[in-house]
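Notes for the one structure printed next.
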Amino acid sequence: CGFHLKGMGGSSRPLPFNSVYVEEGSSKLGPILHETLARNEKLVLLSAPKQAEAVLSVLSENQAREVSTINSGGKVNEYLLSYTASVRTVLGGVPVEPDMVISVRRYLNYSDSDVLGKEQEEALLWNDIRRDAAEQLIRRLAYLPRPAQPGKASQSLKPANAQPKP
Amino acid sequence: DDNAPQTLTPPPAAQGQTHVTADHMDGQMQDKLKASGDVVVIRDNQTLEADWLDYYQQQNRVKAGNHFRLTREKDVVTGTTLDYWMDEHTGSAQQPSFQMGTPDTNNKPGGAKRSLAQSGIAFRGDGSEVQFTGPDQYRLINSRVNSCVVGDDSWYLKSSTLDLNYTTNIGIARNARLEFQGVPILYTPWIDFPLDGSRKSGLLTPTFRSGTTGFDIALPYYWNIAPNFDATLTPHINLKHGTMLAGEFRYLEPGYEGSIYTEQLRNDKLTNTNRYAWYATHKQTVLPGLTFGYEYNYVSDVDYFSDFGDRTLQATNVNLKREAWVKYSTGWQGGNVETMLRAQRYQTLEDPVIAADQPYARLPQITLVANQKLPAGLSFNLQGDMTRFAHPTLQTGDRFVAYPSVTWSLLERNWGFIRPKFGVNYTKYDLNPLGSNTTPGSTITRTLPIFSTDSGLSFERETRFHGSDYVETLEPRLFYVYIPAKDQSKIPNFDSSENDFNFAQLFSENRFSGWDRINAANQLTAAVTSRLISSESGIERLRVMLGQRYYFKNEDTSLYGDQITLQNNSKGLLGSLGGDLTKAWRLDSTYEYNQDLSKTQRYNLQVRYNPAPGKTVSLRYRYGRYEQIGDTTQYGPLRQIDLGVQWPIARQWYAVGRESYSLIDNKPLEHLLGVEYNDGCWTARFVVKRDSTLATTISSASTSTGVFFQLELRGLGGLGSSPTSDLKLAIPGYSNISDIQSN
Amino acid sequence: EKADRDKPIEISADRGNLDQLKGVTVWQGNVIIIQGTLKLNADRATVSQDKQGNQTMQATGRQVTFRQKMDGKNDWIEGQANQLDYNTVTHVAVLTGNARVKRGNDLVIGNVITYNTETEMYEVSSGASSNGGRVTAIIQPKPRDNSPAAKKPDGNAP
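Chains as they are written, first to last, in this note's numbering: chain A, -13 to 152; chain B, 206 to 948; chain C, 28 to 185.
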């Protein structure tokens, strides 16, 4: 039915860079972006922006917990957890316009009798939301417009055979 | 003849050069110049046009008359006579009318040095005299000003002196009167307001709220003490209860930030007790990675919010948290650790308080989370928790938890992964004697091995859908968990509760949160996710997920800790379909099927159409077989439909509405209807909101109505009670129409 | 400078002729008149002298120019026009026809400029010119008192 393993056949889209530095700042999304990128074995993760062909920086991140349903007894039984983050990618020294913005939502079923338990369940959902946001952002990296001419930094770093096949 | 002087060319343009043209001129070189007849003076970014002009070169001072027009970047001041020192930007002019910055809608970045247009708030008006008191600073005498286009006199702020300072972007009016359509609606001896629309205004905006909680007039007063420290003092006049003073102090420094909010009512007329509320938060970074802070919420009595709050406040303030914490986190190559010490307790506002509803207090709690990468694809994780639980009535004691685990990235590719994980959860309880019985406290330990394996593959193919290219993914995932059964009925339940059955929970080892209950497990969870990803941007347009859990041994642990046997060996079929289909259409839906009862447990469907700001329709239907429908002991079927609409009904007119209806009780829960009018420089809102709660075991049925009327003057602030926060909550996608360009 | 008045006037030109009776001399072609620091160039100049010895001068040409040093300051006054009438008694020079007067870095442009070399008073008007011409003054920012006096404009060695 035409399915192939990701990255194995068809016009799979390689990432437009071979080395990346994630500028985490004080965001919670940063470490998860770093961890998810680390799973791609063809990618070199650096700890400083100098040599990196691409620099990802988390510009803004905000999360809101809003009442989404008040039941007929006047008690909250559902919160909406909404998360938005914006990430800037600098490819070969040139920032890619516009910045990537991602928003993810989850509903948290709630009851006032389980305050402590729900506190942890909410944390579980926030982690799930951030992991989902990181995966979507990383997937969108493959679709970023290629820089006009690859930055000088990339020349020195490109190992001979790492040219991804078109 | 070479030594004849060449033709005299004008000197090159230079900073500070003054260029004067007129019909006639006379004067003394380098001293004084008198020009008359359509005089135009251009100096750097200042242009002055007048009928006649005297220019005193030594002082760089100009006097102009009969009629003048001074333009500097976007600011234009016209008037009869002018006396102006060009260098010091000081002087005065008579009968001025002024236009401070013209709002050009497409404010191009990198425009003039300081152009008001970038901030969009352009004030204009006239007065008897204007004094130029420095660069970007004006003082207007007996002036009237508004932020409307020329010729639109819908409102004016009239004042005896008005200081406009465009370096600090603050306008201060003294002895000021606000006139709307010619009718004076507010007098205030002193107000300050933002010139770039950024900062809250100090305007004394009386807000009033009426409804079943009594009539309440509030006069908030904003005081910007320092750039990073401000306060809002709000006396509330409540006819039922008496006058209450509310104060909010906010501070923001590089190393720390926080706020303190309090409401104080001395001697409530109804209860003749003191009523008060405190909400304070503080967060401070001492060293990189070392932070501490507190969150303090406390009210004087259980009925505080039913007397002073609206339905949402009552619903969201059942348990008020009081907590102080110190957190240290650090990282190194391949690992990190975060540890926290905190004391936490809750104030439960229930009358009477049901014991089970009152959460335990953690006095104190120490948590630790550590991760460390190991060679050969292994990674180590340790979670630790040491807590002393206190409770007025229930069993109290200390608990120590240590849960080390190792995860092995057997396969780690972007097309697939296999991650076996093995850990041991060791928990030790030192329980105090319960109540009056004399038996000494007891000690319980529980050690449970936890084995799990998470694995998944990722397939892709290109497809076309509705004429555009997509990548369609197919992501099967298998998650196996093995945890031996263990009776935990003797273990108290300090902080465990059953998690909602959703996709995040489907792939976690324990279906209980907290540490007191660990479910027995010999189960395999299978799920498949399919996404439709747009080929040009990589944005996920649609996501379908289907998941189910299979039990190899049909035994499980209940919330009470005892072992239960399951009727059949699969539980909970879960599905979800949703995504931002297009820029305007958004779909969210989830479905849960309960195998034990072979019935639908819960589903909800939400569709939102939001093509442009100010245009949104959101419809949501929720079905629940067994949900909390009243207070915490009242469960039953839930069928609720919510409709939220904001739509333009005529040029500059918008209707807003919300209908929340409980189909099972056949009763409306929330009505909200309102209309908004935006006239460019002012916006009016009139909203009526009626909430009704049905009878529950501990509270009788009640309805509360709220009437909001607000007049928002662009750039000056709002007057009357602002319904915008209610509207944002009630109508998903609601946008403040005063931000939308009135087309 | 005021001192120029007592200086002798040297006039050089391609041709010159004297009408003794009326006391009028007419010079033509590359006329250069020098009196102390005053220096004037023109194509044609007629100098007439009344009985008391007061001289009036009218210089015309495609472009009449003159330069004179200011009193006491190290500044020069320069001017140009199609026609210049100068009266040594009133010390008033009238420049007509796209006239320009430059003093230090300040420049005045107009159709008719009357300038009193002694009081430095000037008057600029569009005069009877048909297109209702405008007059212009370009005034340089006066140097901050702490900076050295304005640099002498180069290219005009005394």
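C-beta atoms are modelled at their ideal positions from N, C-alpha and C, and glycine is treated no differently. Small disclaimer: the values here were computed from a predicted structure and weren't measured.
Between the Cα of residue i and those of the options, spot the shortest distance and give me the residue it belongs to.
| i | options | result |
| --- | --- | --- |
| B:Val282 | B:Arg266, B:Val245, B:Phe337 | B:Phe337 |
| B:Leu899 | B:Trp887, B:Arg890, B:Ile869 | B:Ile869 |
| A:Lys14 | A:Leu130, A:Arg126, A:Arg117, A:Gly(-12) | A:Arg117 |
| B:Thr652 | B:Arg624, B:Lys691, B:Phe684, B:Asp635 | B:Lys691 |
| B:Leu729 | B:Gly777, B:Tyr765, B:Gly743 | B:Gly777 |
| B:Pro609 | B:Pro597, B:Thr598, B:Trp620, B:Val574 | B:Val574 |
| B:Ala855 | B:Tyr831, B:Ile834, B:Val880 | B:Val880 |
| B:Tyr632 | B:Ala607, B:Pro625, B:Arg567 | First, the amino acid is wrong: residue 632 of chain B is Thr here, not Tyr. With distances taken between Cα atoms, B:Thr632 lies closest to B:Ala607. |
| B:Leu707 | B:Ala240, B:Met750, B:Glu677 | A small correction: the amino acid at residue 707 of chain B is Asn; Leu does not occupy that position in the sequence shown. Nearest C-alpha to B:Asn707: B:Met750. |
| B:Tyr343 | B:Phe328, B:Thr439, B:Cys353 | B:Phe328 |
| B:Asn815 | B:Trp790, B:Asn502, B:Gly780 | B:Trp790 |
| A:Ser99 | B:Gly885, B:Tyr798, B:Ile723, B:Ser701 | B:Ser701 |
| B:Gly539 | B:Lys578, B:Lys872, B:Val244 | B:Lys578 |
| A:Val82 | A:Asn26, A:Glu39, A:Glu64, A:Glu47 | A:Glu39 |
| B:Asn630 | B:Leu843, B:Gln851, B:Thr650, B:Asp931 | B:Thr650 |
| B:Asp556 | B:Asp836, B:Asp236, B:Asn941 | B:Asp836 |
Note down, in chain order, every chain A residue with its Cβ under 8 angstroms from the Cβ of residue i.
| i | result |
| --- | --- |
| B:Phe664 | Phe(-11), His(-10), Leu(-9), Lys(-8) |
Mind listing the chain C neighbours of residue i? Cutoff is C-beta to C-beta under 9 angstroms, in chain order.
| i | result |
| --- | --- |
| B:Met213 | The sequence shown places Leu at residue 213 of chain B, rather than the Met named in the question. The contacting residues are Thr92, Glu105, Gly106, Gln107, Arg127, Val128, Lys129, Leu134, Ile136. |
| B:Asp231 | Thr141, Met148, Tyr149, Glu150, Val151, Ser152 |
Excluding sequence positions up to five away, which residues of its chain have a Cβ less than 8 angstroms from the Cβ of residue i?
| i | result |
| --- | --- |
| A:Leu67 | Gln49, Ala50, Arg51, Arg91, Arg92, Tyr93, Leu94, Glu108, Leu111, Trp112, Ile115 |
| B:Lys933 | Tyr939 |
| C:Arg42 | Trp54, Gln55, Gly56 |
| A:Gly11 | Ser43, Val44 |
| A:His20 | Val8, Glu10, Leu31 |
| B:Ser660 | Leu616, Gly621, Phe622, Ile623, Arg624, Arg682, Leu683, Phe684 |
Does any heavy atom of the ligand FMN sit closer than 7 angstroms to the C-beta of residue i?
| i | result |
| --- | --- |
| A:Ala34 | For the structure depicted, the ligand FMN is absent and the ligand set is empty, with no information on it obtainable. |
Note down, in chain order, each residue of its chain lying with its Cβ closer than 6 angstroms to the Cβ of residue i, except the 5 sequence neighbours on either side.
| i | result |
| --- | --- |
| B:Leu679 | Phe664, Ser735 |
| C:Ile165 | Leu134 |
| B:Pro314 | At B:Pro314 the pLDDT is 34, less than 50, meaning the model places this residue with poor confidence; the figure from the coordinates comes in the next sentence. Cβ neighbours of B:Pro314 beyond the five flanking positions: none. |
| B:Thr544 | Tyr533, Leu573 |
| B:Tyr461 | Gln489 |
For residue i, which residues in chain C fall below 7 angstroms Cβ to Cβ?
| i | result |
| --- | --- |
| B:Gln469 | Here the premise fails: no neighbours, minimum Cβ distance about 59 angstroms. |
| B:Leu238 | Ala164 |
Which residues in chain B have a C-beta closer than 7 angstroms to the C-beta of residue i? List them in chain order.
| i | result |
| --- | --- |
| A:Leu111 | Ala709 |
| A:Lys36 | Correct list: empty, because the minimum Cβ distance to chain B is about 18 angstroms. |
Which residues in chain A have a C-beta closer than 9 angstroms to the C-beta of residue i? List them in chain order.
| i | result |
| --- | --- |
| B:Val978 | With chain B covering only 206 through 948, there is no way to say anything about residue 978 of chain B. |
| B:Asp931 | The contacting residues do not exist; B:Asp931 stays about 11 angstroms from chain A at best. |
| B:Arg827 | Thr55, Glu64 |
Thinking residue i and residue j are a contact (beta carbons under 8 angstroms), I'd like their distance in whole angstroms, please.
| i | j | result |
| --- | --- | --- |
| C:Asn109 | C:Gly124 | 3 angstroms |
| B:Gly376 | B:Leu383 | Not really, about 13 angstroms apart at Cβ, beyond 8 angstroms. |
| A:Leu23 | A:Val8 | 7 angstroms |
| B:Pro301 | B:Val246 | With a Cβ gap of about 18 angstroms, B:Pro301 and B:Val246 do not count as contacting. |
| B:Arg527 | B:Tyr565 | About 13 angstroms; that fails the 8 angstroms criterion. |
| B:Thr592 | B:Arg567 | 5 angstroms |
| C:Gln82 | C:Val91 | Actually they are not in contact, since the Cβ atoms of C:Gln82 and C:Val91 sit about 17 angstroms apart, beyond 8 angstroms. |
| B:Ala269 | B:Asp243 | So it is not a contact: roughly 12 angstroms between Cβ atoms. |
Can you find the residues in the same chain that come closer than 7 angstroms, C-beta to C-beta, to residue i, ignoring five residues on each side of it along the sequence?
| i | result |
| --- | --- |
| A:Tyr129 | Arg(-1) |
| B:Trp290 | Gln264, Asn265, Arg266, Gly296 |
| C:Ser39 | Ile59 |
For residue i, return the contacting residues in chain A, with the cut-off set at a CB-CB distance below 7 angstroms.
| i | result |
| --- | --- |
| B:Ser241 | Chain A residues near B:Ser241: none, gap ~54 angstroms exceeds 7 angstroms. |
| B:Asp743 | Reading the sequence as shown, one finds Gly at residue 743 of chain B and not Asp. Arg125, Arg126, Ala128, Tyr129, listed in chain order. |
| B:Gln519 | Gly60 |
Along chain B, in chain order, which residues have C-beta atoms closer than 8 angstroms to that of residue i?
| i | result |
| --- | --- |
| C:Ile165 | Pro215, Pro216, Gln222, Thr223, His224, Val225 |
Given that residue i touches chain B, what residues does it touch there, using C-beta distances under 9 angstroms?
| i | result |
| --- | --- |
| A:Asn48 | What A:Asn48 touches in chain B: nothing, since even the nearest Cβ is about 15 angstroms away. |
| A:Glu27 | Glu617, Arg618, Asn619 |
| C:Pro201 | In the structure as shown, chain C starts at 28 and stops at 185, and residue 201 of chain C therefore has no counterpart that could be examined. |
Taking only runs that begin and end inside the segment 363 to 389 of chain B, name each unbroken alpha helix (DSSP H) of 4 or more residues, in chain order.
none
Could you pull out every unbroken alpha helix (DSSP H) segment of at least 4 residues lying fully inside the segment 488 to 538 of chain B, listed in chain order? 509 to 513, 516 to 521
| said: Going residue by residue through the segment 887 to 940 of chain B, where are the continuous alpha helix (DSSP H) segments of at least 4 residues, counting only ones entirely within it? | reply: 929 to 935
* Asked: What residue ranges within the segment 549 to 618 of chain B form continuous beta strand (DSSP E) runs of no fewer than 3 residues, ordered along the chain?
  -> 566 to 578, 583 to 595, 602 to 613, 616 to 618
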